[in-house]
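> Position 421 of the sequence shown, counted from 1, bears residue number 421 in UniProt numbering, the numbering being contiguous throughout. Pasting a structure here, questions to come.
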Amino acid sequence: MFNFLSSNPIYKYTKIINQINNLDPVLRKYSDIELKLQTKKFNHSLQKENISLNNLLPEVFATAKEAIRRATGLLLFDVQILGAIILHYGNIAEMKTGEGKTIVAILPAYLNALIKKGVHIVTVNDYLAKRDSKLAKKICAYLDVSIGLVIPNINYIDRKTQYQCDITYITNSELGFDYLRDNMAIDKYEIVQRTFNYAVIDEVDSILIDEARTPLIISGTAEISSEKYIKAKDLSNRLMNKLHYEIDEKSKNIILSEEGIIACEKILKIKNLYDINNSWIKYIINAIKAKELFIKNKEYIIKNRQIIIVDEFTGRVMEGRRWSDGLHQAIEAKENIQIQAENKTLASITYQNLFLLYQKLCGMTGTAKTEEAEFYKIYKLQVIDIPTNKKCQRQDLPDLVYKSEYNKWEAVANECFDMYKLGRPTLIGTTNIEKSELLAIMLDKLNIPYNLLNAKPENTDREAEIISQAGQKYSITISTNMAGRGTDIILGGNPYTMTKIILISHILEQYKKTEINYEENTLLEIKELLNSININFFKQNIDLKNIDSYIDRIISQKTFNKIEDKNNYDVYNKILNKFKFLCEKEKKDILKLGGLYVVGTERHESRRIDNQLRGRSGRQGDQGTSRFFLSLQDNLFRIFGGEKIEQLMNTLKIDENIPIESVVLSQSLNSAQKKVEGYFYEIRKQLFEYDEVINNQRQAIYTERKKILESTFTRDCIIEYGENTIDEMLYTSYKISQNTKINILEQIFQLLNIKITFNIIELTKLNLIEIKIFLYEQLRVSYDLRESYLEQLRPGLIRKLEKYYLLQQIDQAWQEHLEKMTLLKEYIAWRSYGQQDPLIEYKNEAFNLFINMVTNIRQTVIYLIMRSRLIINELT
């Protein structure tokens with residue numbers, strides 16, 4: 001008989017989990033030094049005794065579990081250990097919000113770090129990378145394992161050091177850009193990364209699904225006039241929607257009508273809008289996109305007179321990122337901001353192909369099941385649902401659908417008012433900055449205090465503070481999408497974060513009254529404790545910028561060099577205990593009110609993003625509620641058929657203030673979301689399939705480049721290039737006319753700079769193999785002469801020249817090849833009209849372009865080495 005329980009992963013690994021837990025009493029008796037020595041013991045077992053990582057897993061995990069207990073006081077649940085096992089075996093662990101994913105990652109990272117090839121823990125933003133690495137350092141101090149952190153604005157020497165650590169915390173974008181920069185390095189000492197070994201991806205759905213729609217690109221500036229952008233902007237303002245162009249909101253594209261094309265040609269006074277020598281079409285399409293599809297405070301914000309992209313999935317700003325193909329410049333023209341030079345692609349890679357470089361890959365998130373087919377097809381990753389430690393008690397109420405958007409926002413504001421009066425903490429998720437600020441204005445009019453968390457810089461700086469207080473009584477938090485993702489909302493408030501905030505505030509401003517609504521006598525006690533801090537000590541010993549890291553240090557320290565450090569630690573502990581008591585008391589009151597209430601204000605394109613918002617409530621078995629307030633004017637309804645529902649409402653004469661609450665309606669919305677998910681999956685799949693073609697070429701070029709970079713003797717590479725060039729040129733002349741053979745041989749002599757005169761007619765009488773052997777010999781003789789001449793001028797010069805020419809020509813040819821491939825991808829789609837498969841055509845054309853590029857690299861390098869006069873003239 002089939003046992004249904006056995007399909008649950010916890011039963012499959014029960015034996016291993018029990019083995020880990022049975023080691024607890026033994027390891028607790030170990031001193032800190034003995035616990036550290038465990039790492040050396042494991043290293044010895046791997047190297048000398050050939051024991052596999054799988055066999056070491058129970059003892060290694062038990063050791064890490066004990067280190068976590070000593071560093072944080074937390075004892076891992078069985079489901080957390082299960083999550084760690086799933087990650088070690090290269091799967092995706094779906095663990096709900098609040099189940100402790102951050103700590104779970106440390107177990108498989110520690111185990112895989114033992115083979116000394118490096119482990120990367122990849123996060124979605126710098127804040128999480130910094131926060132998680134701090135926690136890991138605290139834990140791994142007991143394990144004798146080094147922790148690295150790679151964030152923007154650190155130089156390559158520091159980067160290299162961080163990558164050499166056993167475990168490195170890094171954001172997905174820094175990882176990708178470092179990989180591309182390493183493959184553009186002109187000296188092997190500039191390379192910062194090691195070979196990709198094992199990666200744990202936090203919020204794996206965000207990185208491998210959401211981010212996978214756009215490739216990572218390193219650009220160089222290309223000289224271009226800004227006049228066309230300004231002229232196109234003015235022209236776009238004269239064109240009208242539906243008359244001159246159609247907007248395809250699904251694919252975020254613009255289609256010009258016949259009237260639109262004629263109007264453009266008339267205004268610009270040109271005969272052909274699509275003229276290849278003076279093409280205007282790109283500028284006009286981008287200008288209309290900027291006008292219609294890219295809205296300020298939704299897709300981007302303006303900061304320091306610059307256009308900064310806002311991530312549509314996380315609601316975070318993406319500093320330093322720019323839209324490609326002239327779109328960013330079109331938006332700069334629209335906002336009357338100085339237009340920066342258009343970018344030229346120097347190197348690019350998609351996230352799919354970047355992460356497929358790892359020997360072993362795994363990830364964790366609260367929401368992956370809806371995309372499990374994609375994870376398996378592209379990354380060969382299986383999604384395994386990890387049971388929650390405590391049963392989820394959150395109530396997901398049916399959606400409320402209003403006729404107009406105005407009525408919806410009115411209802412949301414009224415709901416916030418009701419919740420505030422009750423004292424129930426409420427989190428409102430909005431889809432963009434504009435909507436979050438609209439709700440903020442409405443709450444201002446209702447005199448309801450709130451915290452606003454969106455991509456605006458003044459709000460992102462307070463992210464940890466806002467989220468730490470979002471679970472308190474009377475707390476109303478407005479957040480764009482998933483800003484604050486990765487940080488738990490703890491009912492009653494987070495005592496640890498609140499203690500740190502109040503300490504830092506007091507030190508910086510003597511005392512700054514917080515918005516924490518506690519009894520007055522408690523505040524007085526905290527005030528007295530804060531006043532016992534010696535402010536002069538901070539002024540004399542600690543830079544104000546480093547107060548945060550100083551407090552982190554004294555929290556994690558056990559022994560203190562200065563008496564002031566000990567006093568500050570005692571004050572921290574006393575305040576923490578006060579807050580712990582108050583937060584626990586408040587949590588009980590909030591649970592009576594029903595826990596955290598999450599309000600969604602629009603259904604997202606993906607069910608997964610909606611589930612992430614819902615998942616903020618009901619952590620660790622807490623009570624909670626979620627509800628979505630929608631309108632028929634929302635994007636999802638508008639694009640995917642809200643007309644039928646609107647007709648139904650009009651037929652039934654339903655009042656605008658009365659919402660529809662229907663299971664059928666929710667199901668139709670889920671169906672619409674599935675369609676959108678399928679549509680975007682096809683886009684990502686197509687991007688992956690097309691990039692797979694270029695990825696094989698990229699790997700070939702990067703492998704060749706790395707070989708040259710690490711080589712100390714590049715002469716062999718030059719000779720190999722020369723021989724290949726001889727072969728290629730000879731095979732084109734074989735079995736053709738005598739005159740052509742003579743012509744080809746003359747070209748080879750010229751290319752190889754062979755000064756001795758030979759009877760070419762006699763040479764043509766030899767067979768192909770004999771000619772080839774003869775030319776190989778002449779290549780070596782000619783090269784020996786060139787080498788000895790340059791060695792006399794300056795010893796070692798020839799080796800430097802070889803490396804310089806090889807790398808320079810590979811990089812230049814690769815950049816030109818990327819441009820050709822972009823153009824090829826744009827026009828290859830038209831082949832489908834001729835009953836041809838565009839992808840197969842793309843592969844064939846790409847192969848021919850690649851062969852031509854490689855041939856061109858070889859011939860140019862040989863020409864420059866053998867014939868270049870420039871270097872000799874400069875030296876003589």
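Where is the CB? At the ideal position from N, CA and C, for every residue including glycine.
(1) Thinking L503 and Y572 are a contact (beta carbons under 8 Å), I'd like their distance in whole angstroms, please.
(2) Comparing alpha-carbon positions, which option in F847, G429 and V124 lies nearest A700?
(3) Once you ignore the five residues that flank I285 on each side, which residues in its own chain have a CB closer than 6 Å to its CB?
(4) Hey, quick one: how far does the alpha helix (DSSP H) through V192 stretch, first residue to last?
(5) Residue 906: which of N447, W323, A813 and A413 sits nearest, CA to CA?
(6) Grouping DSSP H, G and I as helix and E and B as strand, with all else coil, what is H244?
(7) Kindly list the residues whose CB is nearer than 8 Å to the CB of E689, restricted to its own chain and excluding five residues on each side of it in sequence; keep chain order.
(8) In whole angstroms, what is the alpha-carbon distance linking E802 and I157?
(9) Should the segment 617-624 be called in touch with the segment 380-395, which here means at least 3 C-beta pairs below 8 Å?
(10) Which residues does DSSP list as the beta-bridge partners of L596?
(11) Skipping 5 residues on each side, what residues in its chain have a beta carbon closer than 7 Å to that of A413?
(12) Below 8 Å, can you find three or more Cβ-Cβ pairs linking the segment 524-544 to the segment 470-481?
(13) Is the Cβ-Cβ distance between K825 and L849 less than 8 Å?
(14) Which residue marks the beginning of the alpha helix (DSSP H) containing M419, and which one marks its end?
(15) Could you tell me if L239 is buried or exposed, where buried requires 16 or more neighbouring beta carbons within 10 angstroms of its beta carbon?
(16) At the level of alpha carbons, what is the spacing between K344 and G220?
(17) Around the C-beta of I761, are 16 or more other C-beta atoms found within 10 angstroms, so that it is buried, or is it exposed?
(18) Measure from the C-beta of N172 to each C-beta in chain D and report whether the shortest distance is under 8 Å.
(19) N18 by DSSP, collapsed to three states: which one?
(20) Buried or exposed for L452, please, with buried defined as at least 16 other CB atoms from any protein chain shown within 10 angstroms of its CB.
(21) Can the beta-carbon of D178 be found closer than 8 Å to that of Q162?
(22) Excluding the five sequence neighbours on either side, which residues of its own chain have a C-beta within less than 8 Å of the C-beta of D126, listed in chain order?
(23) Where does the unbroken beta strand (DSSP E) through D202 begin, and where does it stop?
(24) Note down, in chain order, each residue of its chain lying with its Cβ closer than 6 Å to the Cβ of I490, except the 5 sequence neighbours on either side.
(25) Along the chain, where does the alpha helix (DSSP H) that runs through R867 open and close?
(26) Does DSSP put A141 in a helix, a strand or coil?
(27) Roughly how many angstroms lie between the CA atoms of A69 and F77, to the nearest whole one?
(28) Could you spell out where the alpha helix (DSSP H) holding N541 opens and where it closes?
(29) Alpha carbon to alpha carbon, how far is G176 from G429?
(30) Could you have a look at M729 and say whether DSSP puts it in helix, strand or coil?
(31) Give the DSSP-derived three-state secondary structure of F294 in the structure shown.
(32) Can Q612 and G366 be called in contact, C-beta distance under 8 Å?
(33) Within 10 angstroms of the Cβ of R424, are there 16 or more other Cβ atoms? Answer buried if so, exposed if not.
(34) Tell me whether H44 is buried or exposed, calling it buried when 16 or more other Cβ atoms sit within 10 Å of its Cβ.
(35) Give the DSSP-derived three-state secondary structure of R616 in the structure shown.
(36) Ignore the nearest five residues each way along the sequence and tell me which others in C717's own chain have a CB closer than 8 Å to its CB.
Quick answer:
(1) 6 Å
(2) F847
(3) I254
(4) Taken as a continuous stretch (DSSP letters only), V192 belongs to no alpha helix (DSSP H), as it is neither H nor E.
(5) A query on residue 906 cannot be resolved here, the shown segment of the chain reaching from 1 to 876 and no further.
(6) coil
(7) L839
(8) 26 Å
(9) yes
(10) G624
(11) L439, M442, L443 and L446
(12) no
(13) no
(14) E405 to L422
(15) buried
(16) 5 Å
(17) exposed
(18) Judged by its chain identifiers, the structure shown contains no chain D, having just a single protein chain.
(19) helix
(20) buried
(21) no
(22) I151, P152 and T171
(23) Y198 to D202
(24) G471
(25) P838 to R867
(26) coil
(27) Looking at the sequence shown, residue 69 is not Ala but Arg. C-alpha separation (whole angstroms): 11 Å.
(28) I535 to N541
(29) 30 Å
(30) helix
(31) coil
(32) yes
(33) buried
(34) exposed
(35) coil
(36) K707, I708, S711, E802 and L806
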